[in-house]
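For the sequence shown, numbering that gives the first Met the number 0 gives the first residue as 0, with consecutive numbering after it. Taking it in order: structure first as structure tokens, then the write-up.
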Amino acid sequence: MNETEARDVVTTALSDVAPEIDLETLDPQMSLRNGADLDSMDFLAYVAAVSETVGRDIPEDDYDRMDTVAGAVAYLLEG
Numbered sequence: 000m001n002e003t004e005a006r007d008v009v010t011t012a013l014s015d016v017a018p019e020i021d022l023e024t025l026d027p028q029m030s031l032r033n034g035a036d037l038d039s040m041d042f043l044a045y046v047a048a049v050s051e052t053v054g055r056d057i058p059e060d061d062y063d064r065m066d067t068v069a070g071a072v073a074y075l076l077e078g
């Protein structure tokens with residue numbers, strides 16, 4: 000998986016879970032839970048969608064790394 004593919008996975012999951020988030024203006028370093036107002040249920044659905052798309056589990060210990068677009072992309076590139 001390259002960076003573009005990882006970013007597509009993350010942004011697709013976000014747009015599916017929270018279509019109200021404007022991905023064009025979203026700062027990739029902004030907290031999705033705090034800055035983009037993703038509630039806890041939406042955040043879990045987003046992580047689950049990413050996990051399902053890439054075909055690997057994302058342990059709860061790694062959820063903090065999924066809290067920004069940039070962090071999630073970097074996380075996916077590591078695996």
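Every residue, glycine too, gets a C-beta built ideally from N, C-alpha and C.
Helix, strand or coil for ARG32? Go by DSSP, reduced to three states.
Correct three-state label for ARG32: coil.
Which residues in the same chain as GLY54 place their Cβ atom closer than 8 Å to its Cβ, once the five residues preceding and following it in sequence are excluded?
Cβ within range, chain order: n/a, list empty.
Give every residue of the same chain whose Cβ lies closer than 7 Å to the Cβ of ALA35, excluding the five residues on either side of it in the sequence, and list them in chain order.
ILE20, LEU25, MET29, listed in sequence order.
Can the beta-carbon of TYR79 be found closer than 7 Å to that of VAL16?
For the chain, the structure presents residues 0 to 78; residue 79 sits outside this window and is missing.
In angstroms, rounded to a whole number, what distance separates the CA positions of ASP31 and GLY78?
In the sequence as presented, Asp is not what sits at residue 31; that position holds Leu. Looking at the two C-alpha atoms, the distance is approximately 21 Å.
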